[in-house]
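Engineer:
Chains as they are written, first to last, in the numbering used here: chain A, 1 to 110; chain B, 1001 to 1124.
Okay, here's the thing in structure tokens:
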């Protein structure tokens, strides 16, 4: 069972918007920065978001994120079939002195 | 090219040991913290361990504490993970990953560069 809680799956139609939630606690999300990763089928994860809401170069602004208290949210607008992937939130857990990931959310673009 | 290349995976019996290596190229290896993340077949990502750029500070998931040792040789641009007392539940694809920024502050340890992984199978 993951320290961070994500919905197992979300789905939306092409062109629409979807959000993925990530819930934690004061020892992780509440007092640390959140990152998000995209893992396309059969590939290594890719950093999408860091510092709660910043995008690395090359990541389109269709991807955005926010944090409030002990929860974080990833938003994807203008959905494309190529966005079908597993999405993971991650952060540092101060109590564990270790990094932690959410269980992952499978995005289906219908 | 900036890349990470893992090696050392394979089939090992329960209770056995294995050392994974990760060869880095294309960046100043010693500047950046590094880590290992694993993914069991059909499962999600699991953070395993991380080490500071100089190698003095190491961190482990509870599942790895006491059994796994992370280390690095900055003269060889190589990261290691020594795994012992292996269990069936350690079976996974092990990714080597580079931290985005050269910082000692673990709150900023996001992984921006990943290898393709090396598969570890623990079975008799």
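Beta carbons are placed, not taken as given, at the ideal position from N, Cα and C, and that holds for glycine. All values derive from a computational prediction rather than experimental measurement.
Which residues in the same chain as residue 1038(B) place their Cβ atom closer than 6 Å to its Cβ, once the five residues preceding and following it in sequence are excluded?
Structural biologist: 1046, 1048, 1092, 1094
Engineer: Report the neighbours of residue 1108(B) on chain A: residues whose CB is nearer than 7 Å to its CB, in chain order.
Structural biologist: 33
Engineer: Please report the Cβ distance between residue 64(A) and residue 29(A), rounded to the nearest whole angstrom; I am assuming they are in contact, meaning their Cβ atoms lie under 8 Å.
Structural biologist: Their Cβ separation, rounded to whole angstroms, is 17 Å, which puts residue 64(A) and residue 29(A) out of contact at 8 Å.
Engineer: Just the C-alpha distance for residue 81(A) and residue 13(A), rounded to the nearest angstrom, thanks.
Structural biologist: 9 Å
Engineer: Tell me, please, whether the segment 1073-1090 of chain B touches the segment 1016-1035 of chain B by the rule of three or more beta-carbon pairs shorter than 8 Å.
Structural biologist: Touching, yes, given that three or more Cβ pairs across the two stretches are closer than 8 Å.
Engineer: For residue 88(A), go through chain B and note every residue whose CB falls closer than 7 Å to its CB, in chain order.
Structural biologist: 1044, 1045
Engineer: Is the beta carbon of residue 1031(B) closer than 9 Å to that of residue 1097(B)?
Structural biologist: Cβ distance not < 9 Å, so residue 1097(B) and residue 1031(B) don't count as in contact.
Engineer: Please identify the residue among 1071(B), 1041(B), 1001(B), 1056(B) whose C-alpha is closest to the C-alpha of residue 1104(B).
Structural biologist: Among 1071(B), 1041(B), 1001(B), 1056(B), the Cα nearest to that of residue 1104(B) belongs to 1056(B).
Engineer: Between the alpha carbons of residue 4(A) and residue 92(A), how many angstroms are there, rounded?
Structural biologist: 11 Å
Engineer: Output needed in chain order: residues of the segment 1110-1123 of chain B with a Cβ under 9 Å from some Cβ in chain A.
Structural biologist: Contact residues of the segment 1110-1123 of chain B toward chain A are 1110, 1111, 1112, 1113, 1114, 1115, 1116, 1117 (C-beta to C-beta distance below 9 Å).
Engineer: Residues of chain A with a CB under 8 Å from the CB of residue 1062(B): which are they?
Structural biologist: Neighbours of residue 1062(B) on chain A, chain order: 96, 98.
Engineer: Got a sec? Which residues, its chain only, sit under 6 Å from residue 21(A) by beta carbon, not counting five neighbours each side?
Structural biologist: 73
Engineer: Mind checking who residue 1068(B) pairs with in its DSSP beta bridge?
Structural biologist: 1083(B)
Engineer: Leaving out five residues before and five after residue 19(A) in sequence, what residues of the same chain have Cβ atoms less than 6 Å from its Cβ?
Structural biologist: For residue 19(A), where only same-chain residues beyond five positions count, the Cβ hits under 6 Å are 73, 75.
Engineer: Put residue 1088(B) into one of helix, strand or coil per three-state DSSP.
Structural biologist: For residue 1088(B), the secondary structure class from DSSP, reduced to helix, strand or coil, is helix.
Engineer: In or out: residue 45(A) buried (at least 16 other Cβ within 10 Å) or exposed?
Structural biologist: buried
Engineer: For residue 59(A), which of helix, strand or coil comes out of DSSP?
Structural biologist: coil
Engineer: With distance defined between alpha-carbon atoms, name the residue in 1(A), 2(A), 6(A) nearest to residue 87(A).
Structural biologist: 6(A)
Engineer: Taking 9 Å as the cut-off, decide whether the C-beta atoms of residue 85(A) and residue 39(A) are in contact.
Structural biologist: yes
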